[in-house]
Amino acid sequence: MAPQTLALNTHKAGMEGLDVEKINEILQKASEGSKFYHHKQKCQKRLDAKISEMLKFKSALTEEQIKKATLQMDRLIEELESSRDLTRTIVHVDMDMFYAAVEMRDDPNLRDKPMAVGGTGMLSTSNYAARKFGVRAAMPGFIGKKLCPELVIVPPDFTKYKAASKTVQEVFGEYDPNFCMMSLDEGYLDITDYIHDNGSRYSEYSEDDVSSENVASAIVREMRAKIQEKTQLTASAGIAPNTRLAKVCSDMNKPNGQFYLPPNREKILEFVATLPIRKVSGIGNVMEQQLKALEINVCSDLMEKRGPLRLIFSDLNYNHFLMIALGISDTRLDAWTERERKSISTETTFRGTNDRSFLVKQTEDLCRELVEDLIQKDILGKIFTLKIKTTDFQIKTRAHTFPEATCSLDVLMSTARRLLQHEMDASAQPLSLRLIGVRMSNLMSSAELGPSRQVTLTQMFSKSLSRTSQERKFSDSSTSSDTTKNLSEISGNHTRNTTTESKVSLSEKSCSFDKNNSKQRVTNKNFIEKFLVKSPMKLKPPKMKYDCPVCFQEIEVDSLDTINTHVDKCLESKTSSQVSGSSPVNVVPTDIEVIDICESDIAKHDSDEWKCKGNAKHVLCNNSLRERELGKNTKTSIDVNTEKYHSEGEEHVESAREKQALLCPVCKSESFENELNLNCHLDECLSLRTINDIMQSSTSPRMSHTSNDAGTSFFRTVQNYSQVCKPHPSDPPRKKQKISHNKSDT
DNA sequence: GGGCAGTTGAGGC
DNA sequence: TTCCAGCCTCAACTGCCC
Ligand SMILES: Cc1cn([C@H]2C[C@H](O)[C@@H](COP(=O)(O)OP(=O)(O)OP(=O)(O)O)O2)c(=O)[nH]c1=O
Ligand SMILES: [Mg+2]
C-alpha cells in the first residue's frame, strides 16, 4: 500500500523529530488484515487511479495550451494582487492540546504522563508527551497503546471543555467583540481596531513596521497570558494580515507560542515560498497526494505550475491555489461571525451486526436524541438523512425531504425506519452495519416558520379563510391554542443561551413528543384527521400554496373550490388506479410502511397538536436538561411531564375548533359541527380501498441512484475562466478542492 | 438550463 | 481477545421536473 494510506501525519504540531520509520511499522502491523485496512487500501487504489489519469491528462497537454492557461492565470493574479488588503491585523488563537490540557489541569497525576483523551475506539487528542510516541488525534486508542504502552486514556468531558472555551471567549471579547470561534478551542480576532484605540499603551514608538510588530505581538502576548491566567491553559497564536496566514502562523510556534507575519507583500511571498502545501487549511490527504504527483510540494510550486493547474482542476480550485500561492485570503470576519448552523446530527458506532431489531432500536434511539437536540435548540428541519456505515466501512446516506419543517419524533422515527428498512430490503446479503447516524438539515427556527403562516384545513374550511394573516394572528392569540405565545410564558423564565446565538426565537411551534409512539392502527378516520383536518397551508393571499394531502403536490389555491376540485380529482385518480389487495385499512397489520405514510408524510401537518405538545416538550426538555446537569434521572421527568402537557394540548385543540362549521372535502355537500361527525361521514364517503391504495402508493422513498464513482476521473474542458473566485463566507478557513475532470474536454 | 433532491467525498476539529 | 469517532461544512455530481 502507498505509504500515505495509514502512515503517520507529521504535519501537525508536536510531530517533529520522532522515529517515523518505527512508528509506521507499528501502525502497519496493527492494521494489517483488518477491515479498516482493506477499506483504506481500496480508497488508496481509487485515488492512485485518479492520479494516474490526471498525469496522463497532463502529459497530453500541449505547450500551447499550457502557455495560454498560464497567461490566463497571470491575468487572475493581477486581479488578485490589486485586491490585496494588508490593512487588517488578524489573529488566530488555538489552544494547545485542548482536551488533553484541560484534563491535565484537572488531574495533576496526568501531567508528566503520556496521555490522550478519547476511548479505546478513538482518540480525540493527545498531550505532547504522547505525541513523542506518535500518538495523535484520530488514532484508535488500542493503536495508541501499541505505540506507547504507558499511555493513559481519559474519557472526554465536554462540559469542562465548553466551560474553558467560554472563559477563553471572554478574553477574546476584550480585544475584538466580533471575534469568530471556529471550534471550542480556536478563534479568529481582528485586532485592527483594538490596536488603533489602545496601541499606544503597548508601545511608545512610532508606526513603522517594526513597532507594529511590537504592538501586535505585545497585545497577543497579553491576551495569551490572560487566557492562561484565567484557565491555566496555554494557547498559541498567529498574527498576520489575513485569516489563512494567521491560521498557519498559529501553528508555527506551538505549543504556547506565537508568530508574527508582517503585512508586507515580499515577506508574505517569502513565507509562503517554503510553506508545505499540507500546512494550509483545506489541503488534506487527498489533495496533497494529487499535488505531490504534480511535483507541487510547497505553496510557491502552485505559482510555478499554475498553467497545468488551471487545465486540470476546477475554476474554484485553481483560484484557490493562486490565492494560497499569493498569500491572499479573507481580511474581514464579518461574514464568518454570522454563520448559522446548517445541520444537526447524532451518530453511533457499535460492533458490526446484521441484527435487524438491534439496528432498528439504535435508529429509534438516535431519533430520540436528535429530536431532543432539535427541541432544545428550538429548531425544525426539512431534510432528514439516515447515515449508515457497513462493516466494511462503506458509508451511505439516505435522505428524505419533508413538505414542511418538522421536529416531530413520530415523523422522524417512521422516516428513519422506512429508510433503514429500504436499505435492508435492498441489500443482497443481510445488511451488516457498524454505524448509524441521523441528521436534520435545512433548518429553521420555529419562529422563522411563523405561526401565523401555518393553518389547518379545519381553519381553512371555516370562515377564517377570508381573514388576513394578521387578523388571524390576533384572533388566534386570543384562543387557548395560542400559537404566538412564546415558550417562556408557558414554561416560566427558563434560561436561554443568548451569548453566541444572537437569533433568539422562542418556540411557537414545535412538535409532539412520543405521542402514540407505539405502533398504531391506521384507520380511515385517522387518515381523514391527519390528512385533511390538520393539513397546514401557507397563507399567502391572494394565491396560496398548499400541499395536497392526497398527492402531496403543491397546488396553488385561491378558493376553497380549487382545493376541493383538486382533492376530488386526486381521490378519483387514486381510486381508479390499481389496488393491491383489499384488506380493510383498519385491520392492516401495524406495518412500518403503513405507519410511514400516516406519520412521516402527514403527521407533520398536525400543527395544532404541535403547538401545544411541542411547547410542552420544549418545557420538559429544558427541564430534563437541567436535571441532567444536576445528575437526576431525565427519563422520568420526561414521561411525567409529557403526560401532563399532552392532555392540556388536546384541550386547546378542541376548544379552538369547537365552533367551526366543516365541509366535506369529498362530496362538498355536507357541513358538520365537529371533526368527529365529519370523520364519520368521510368514512363512508371514501372507500377503504382508496385509502389503502393511496397509502401504498406513497410509501416508497424517493431516491436518486447516482453512480457517483469518484474512481473514474474525467477532465474538465479547457475554458476561459477569468472571474475571481469569491470565497464562500460561510466557509472561512478551508476550501475544499476536488479535481473535476470532464472527459468531454479532452 | 435552472433549481431541487439526493448521494458521495474531502476536509476540519 | 478485539479494536479505527462524532460532530460539522462545503463542493461536485446525477437525475428529474418545469
Ligand atoms: C484533530 C481533532 C481534534 N479534536 C478535538 C480534540 C482537540 O483537543 C480539539 C482541538 O483540536 P486541535 O486544535 O486540532 O488539536 P489540539 O488542540 O488537541 O492540539 P494542538 O496543540 O495541536 O492544537 O478538538 C477531535 O475531537 N478530533 C480530531 O480529529
Ligand atoms: Mg488546538
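Reading the first sequence from the start, the letters are residues 1 to 746 in the UniProt record's numbering.
From the three backbone atoms N, C-alpha and C, an ideal C-beta is built for every residue, glycine too.
For residue i versus residue j, is the C-beta distance shorter than 8 Å?
i	j	result
Met95	Val168	yes
Lys342	Leu443	yes
Thr349	Leu435	yes
Leu326	Glu170	no
Asp392	Lys35	yes
Thr385	Arg398	yes
Tyr99	Pro140	no
Ser124	Arg244	no
Lys58	Leu261	no
Ser236	Asn214	no
Ser314	Asp378	no
Val117	Lys160	no
residue 784	Arg265	The structure shown has nothing for residue 784, since the chain only spans 1 to 746.
Leu147	Lys162	no
Can you find the residues in the same chain that come closer than 7 Å, C-beta to C-beta, to residue i, ignoring five residues on each side of it along the sequence?
i	result
Pro263	Leu86 and Pro241
Val298	Ala273, Thr274, Leu275, Pro276 and Ile277
Thr10	Val20
Lys230	Thr167 and Val171
From which residue to which residue does the alpha helix (DSSP H) around residue i run?
i	result
His38	Lys35 to Ser59
Ser82	Glu63 to Ser82
Tyr188	Premise fails: Tyr188 lies in the beta strand (DSSP E), Glu186 to Asp190, not in any alpha helix (DSSP H).
Tyr260	Counting along the chain, Tyr260 falls outside any alpha helix (DSSP H), though it belongs to the beta strand (DSSP E) covering Gln258 to Tyr260.
Val152	First-last for Val152: Val152 to Val154, but that is the beta strand (DSSP E), not the alpha helix (DSSP H).
Leu316	Asp315 to Leu326
Phe98	Phe98 to Asp106
Within a Cβ cutoff of 6 Å, which residues of the same chain sit near residue i, ignoring the five residues on either side of it in sequence?
i	result
Gly238	His92, Ala246, Cys249, Ser250 and Phe259
Arg467	Residue confidence is low: Arg467 scores 26 on pLDDT, short of 50, so the model does not pin down where it sits. Its coordinate-derived value is still stated next. Contacts found: none.
Ile395	Lys389
Ser478	In this predicted model, Ser478 has a pLDDT of only 27, less than 50, meaning its place in the structure is not dependable enough to derive any value.
Return the CA-CA distance between residue i and residue j, expressed in angstroms with no decimal places.
i	j	result
Thr495	Leu433	With a pLDDT of only 23 at Thr495, under the threshold of 50, the placement of this residue in the model should not be trusted, and no figure is reported.
Arg306	Leu47	22 Å
Asn127	Ser200	38 Å
Asn285	Asn198	42 Å
Asp190	Arg88	7 Å
Asp410	Val371	10 Å
Ser408	Ile195	50 Å
Ser582	Met181	With a pLDDT of only 26 at Ser582, under 50, the local geometry of the prediction cannot be trusted, and the value read off the model is given with reservation. Cα to Cα, the separation comes out at about 59 Å.
Leu151	Leu110	10 Å
Thr406	Glu338	24 Å
Ile219	Tyr175	9 Å
Leu27	Thr363	33 Å
Asp301	Ala138	29 Å
residue 748	Glu448	Nothing can be reported for residue 748: it is not among the residues displayed for the chain, which extend from 1 to 746.
Glu53	His320	22 Å
Asp19	Ser441	44 Å
Met73	Ile324	14 Å
Asn317	Gly14	30 Å
Leu333	Tyr188	8 Å
Ala130	Pro430	41 Å
Ile77	Ser212	28 Å
Asp425	Thr70	53 Å
Glu32	Gln44	15 Å
Ile383	Thr401	4 Å
Arg351	Leu8	26 Å
What is the residue span of the beta strand (DSSP E) that residue i lies within?
i	result
His92	Ile90 to Met95
His400	Ile395 to Thr406
Ala240	Ala235 to Ala240
Cys148	Note, Cys148: premise wrong, no beta strand (DSSP E); not H, not E.
Lys305	Segment: none, Lys305 is in no beta strand (DSSP E) and carries neither H nor E.
Note down, in chain order, each residue of its chain lying with its Cβ closer than 8 Å to the Cβ of residue i, except the 5 sequence neighbours on either side.
i	result
Gly173	Phe179
Leu61	Pro308 and Leu311
Phe142	Ala30 and Thr120
Leu366	Thr346, Glu347, Thr348, Ala416, Ile436, Gly437 and Val438
Lys226	Val171 and Glu174
Discussion item. Strictly closer than 7 Å from CB to any heavy atom of ligand 2: give me those residues in the order they appear in the chain.
Written reply: Asp94, Met95, Asp96, Met97, Phe98, Asp185 and Glu186
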